[in-house]
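A.B. asks: Sharing a structure, written as structure tokens. Questions coming.
In full-length UniProt numbering, the protein residues as written are 1 to 220.
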């Protein structure tokens with residue numbers, strides 16, 4: 001029951017943030033629907049917290065609104081404009097964010113302020129639930145495999161990486177990643193922001209096309 005309440009609250013908050021951003025930009029639901037190729041009815045329900053969305057659809061929405069995914073999950077007033085010095089320790093509070101019912105988890109390590117130009121994440125890929133959606137977005141990213149095996153699909157080419165391997169990607173190229181081995185795979189991901197995202201926070205979950213929007217905090 002408590003988990004259901006948290007999921008509903010997250011869904012409402014995301015819908016409210018989408019609506020505020022749309023109204024602030026002077027955009028109608030019709031225009032947003034046209035730019036995202038999503039129906040007005042669905043977008044209206046999403047804004048009212050009456051519908052959930054895949055991450056793939058959220059990517060389309062935040063791109064149309066000049067936002068990032070993290071803007072939908074994090075209160076913009078809760079973080080400083082730019083990070084001067086930040087130390088992340090193993091004992092630092094806050095666990096991984098789990099994308100519900102998928103096993104995918106991520107944890108922000110550094111660079112979450114709006115004016116930071118890079119962000120660092122710890123990603124965990126489950127053995128199953130491979131995501132098929134290709135995405136592209138402004139910026140660049142580097143992924144270093146900490147453990148396990150990960151297959152990166154970039155612009156029609158496949159790159160299989162194991163622990164100790166890394167890959168640098170122009171994020172505007174269509175790309176996705178999936179677990180390519182047995183057991184979980186852990187990746188250290190560093191991302192930059194494109195010009196269109198300057199002044200916005202970002203999120204590592206743009207790869208993962210999901211059936212539901214809800215994310216919840218879990219212990220590391």
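From the three backbone atoms N, C-alpha and C, an ideal C-beta is built for every residue, glycine too.
Does residue 16 come out as helix, strand or coil in the three-state DSSP assignment?
C.D. replies: Looking at residue 16 - three-state DSSP - the assignment turns out to be helix.
A.B. asks: Roughly how many whole angstroms lie between the Cα atoms of residue 163 and residue 109?
C.D. replies: So the two alpha carbons sit approximately 20 Å from each other.
A.B. asks: Near residue 37, which residues of its chain fall below 8 Å by C-beta distance, leaving aside the five closest residues on each side in sequence?
C.D. replies: Same-chain partners within the cutoff: 60.
A.B. asks: Within 10 Å of its beta-carbon, does residue 96 have 16 or more other beta-carbons around it, so buried, or fewer, so exposed?
C.D. replies: Classification for residue 96: buried.
A.B. asks: Closer than 8 Å by C-beta to residue 62: which residues in its own chain qualify, once you throw out the five before and the five after it? Chain order, please.
C.D. replies: Contacts found: 68, 69, 71 and 72.
A.B. asks: Please state whether DSSP places residue 83 in a helix, a strand or coil.
C.D. replies: Coil, per DSSP.
A.B. asks: Tell me which same chain residues have a C-beta within less than 7 Å of the C-beta of residue 51, skipping the five on either side of it?
C.D. replies: Correct list, in chain order: 42 and 45.
A.B. asks: Measuring straight from C-alpha to C-alpha, what distance separates residue 106 and residue 49?
C.D. replies: Going by the C-alpha atoms only, they are around 24 Å apart.
A.B. asks: Exposed or buried, residue 177, counting other C-beta atoms within 10 Å across all chains shown (16 or more means buried)?
C.D. replies: The residue is buried, with at least 16 neighbouring Cβ atoms inside 10 Å.
A.B. asks: For residue 173 and residue 84, what's the separation of their Cα atoms in angstroms?
C.D. replies: Computed Cα separation, rounded: 31 Å.
A.B. asks: Does DSSP put residue 47 in a helix, in a strand, or in coil?
C.D. replies: If DSSP states are grouped into helix, strand and coil, residue 47 belongs with the helices.
A.B. asks: Which residue's Cα is closest to the Cα of residue 14: 33, 30, 57 and 26?
C.D. replies: Looking at the Cα atoms, 57 is the closest of the given residues.
A.B. asks: DSSP three-state call for residue 40: helix, strand or coil?
C.D. replies: Reduced to three states, the DSSP call for residue 40 is helix.
A.B. asks: Spell out the partners DSSP gives residue 157 in its beta bridges.
C.D. replies: Answer is 154.
A.B. asks: Can the beta-carbon of residue 141 be found closer than 8 Å to that of residue 191?
C.D. replies: Yes, the pair counts as a contact, with Cβ atoms nearer than the cut-off.
A.B. asks: Taking the straight line between their C-alpha atoms, what separation do you get for residue 183 and residue 126?
C.D. replies: C-alpha separation (whole angstroms): 7 Å.
A.B. asks: Comparing C-alpha positions only, which one of 28, 154 and 118 sits nearest to residue 189?
C.D. replies: Closest option to residue 189, Cα to Cα, is 118.
A.B. asks: For residue 190, which residues does DSSP report across the bridge?
C.D. replies: Beta-bridge pairing links residue 190 to 120 and 142.
A.B. asks: Can you tell me which of the three DSSP states residue 24 falls into?
C.D. replies: Helix.
A.B. asks: Note down the Cα distance separating residue 8 from residue 21, rounded to an integer number of angstroms.
C.D. replies: Approximately 20 Å, taken between the alpha carbons.
A.B. asks: Let me confirm a value: residue 170 is counted as buried when at least 16 other C-beta atoms fall within 10 Å, else exposed. Which label applies?
C.D. replies: Flag for residue 170 reads exposed.
A.B. asks: For residue 165, which three-state DSSP category applies?
C.D. replies: Reduced to three states, the DSSP call for residue 165 is coil.
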